[in-house]
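Numbering (the working numbering), first residue to last: 641 to 965.
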Amino acid sequence: MDITSKHKVYVTRKIPEPGPSILKKHFQINMNPGVDVLKKETLFENVRDVDALLCMLGDNIDAKVMDAAGPNLKVISCYSVGYDHVDIYEAAKRKIIVTNTPNVLANATADLTFSLILTAARNIVNADRHVRNGNWKFGWTPDLFLGYDVHGSTLGIIGLGEIGTLVAKRARGFDMQVIYYSKTRKRKMESQLDITFVPLEELLRRSDFVSIHVSLNKDSFHMIDESKIKLMKKTAFIINTSRGKVINEQHLINALRNKVIAGAGLDVYESEPISRSNPLTQLPQTILLPHIGSATFMTRSKMAEVAANNIVNFFNGRGIVHKIN
Ligand code: DGY
């Protein structure tokens with residue numbers, strides 16, 4: 641397909657440079673200047689007659705949005721690696737290409753995973769609050785904020801894709817023993833990274849830290865529920881930087897309340913944003929982040945570049961590199 645400046649692109653929320661500049665060079669672009677998810681009716685209105693849609697998490701791009709856009713819509717570019725907010729089957733039926741932004745955000749997300757591991761294990765947030773709230777009364781104390789060792793412990797990685805692999809690499813620096821579970825066994829990675837494949841149940845039994853790196857789909861939905869959490873050590877932590885719905889959140893809350901495991905470091909939730917009344921916010925053994933795995937200046941800018949170029953490449957026929965469906 642030839643690129644023409646007549647192609648219309650709608651961007652559902654403000655993205656950083658160079659995304660807007662790349663798109664403006666080639667298309668008529670309309671970008672929501674805000675960062676909040678648009679009301680459904682506004683989204684319907686704004687996507688009318690567009691040739692391409694650049695969307696992101698929280699947008700819920702379903703058949704109704706595709707209907708509202710009309711027959712010109714040819715490409716949906718996700719400003720994310722995850723694409724569970726797009727009905728990819730509906731898109732495929734309509735021959736709409738869906739793309740994402742892999743590679744560029746894996747390192748930032750692996751870094752954040754490690755911060756969650758360290759923060760949860762060493763009580764960092766509670767200790768910081770203790771100091772700020774003026775509760776630090778006795779200087780150095782033998783039992784103040786005792787935590788768990790990260791070095792030398794066992795890390796269980798569920799899902800050995802890009803991010804899981806980079807988490808495994810970081811774990812070597814901490815002399816951790818790394819075991820992993822993945823739908824398909826990655827033998828080459830096992831020798832490269834000195835990691836061991838184990839069945840999911842064994843991983844849960846043996847790990848001191850269980851870190852989740854699978855994408856959300858019907859197989860991974862509530863993959864971690866009460867029966868799985870029960871297998872974990874009482875001293876173990878669960879870390880999730882993938883998608884909230886991989887864990888049955890109510891089961892996790894029950895397990896934390898009953899001290900079945902030691903704690904959780906979460907960047908993602910079943911429903912986002914979580915409400916202030918979500919019991920997770922009341923538990924001292926949780927670290928709760930607002931879905932910021934990829935939130936570094938550099939990474940978000942690279943994501944914007946890739947998401948914009950995915951649209952450009954589609955229309956100039958250079959071939960879609962990051963095609964999902
Ligand atoms: C993704 O890209 O899917 C992350 O969850 C947000 O950057």
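Where a beta carbon is used, it is the ideal one built from N, C-alpha and C, also for glycine.
Here Gln-925 carries a coil assignment [DSSP, helix/strand/coil]. Between Ala-692 and Ser-661, the gap from beta carbon to beta carbon reaches 8 angstroms or more. Per DSSP, the unbroken beta strand (DSSP E) holding Met-671 starts and ends at 668-671.
When the Cα atoms are used, Lys-823 and Arg-897 turn out to be separated by approximately 31 angstroms. Here DSSP, grouped into helix, strand and coil, assigns Val-790 to coil. Look at Val-886: its beta carbon is at least 7 angstroms from all of the heavy atoms in the ligand DGY. Partner residues in the beta bridge of Ser-851, as assigned by DSSP, are Ile-797 and Ile-879.
Between Leu-800 and Lys-826, the CB-CB gap stays under 8 angstroms.
Taking Tyr-729 as the centre and dropping the five residues before and after it, the same chain places no C-beta closer than 7 angstroms to its C-beta. Any heavy atom of the ligand DGY within less than 5 angstroms of a residue's beta carbon puts that residue on the list, which reads Ser-720, Val-721, Gly-722 and Ser-934. For Glu-889, same chain residues with a beta-carbon under 7 angstroms away, outside a window of 5 residues either side, are Tyr-909 and Glu-910 in chain order. The segment 800-809 and the segment 743-751 touch, with no fewer than 3 CB-CB distances between them shorter than 8 angstroms. Separation of Tyr-650 and Asp-689 (C-alpha to C-alpha, rounded to the nearest whole angstrom) is 10 angstroms. Contact between the segment 659-673 and the segment 939-954 is established, with three or more Cβ pairs separated by less than 8 angstroms.
Burial of Thr-741 is indicated by the presence of at least 16 other C-beta atoms within 10 angstroms of its C-beta.
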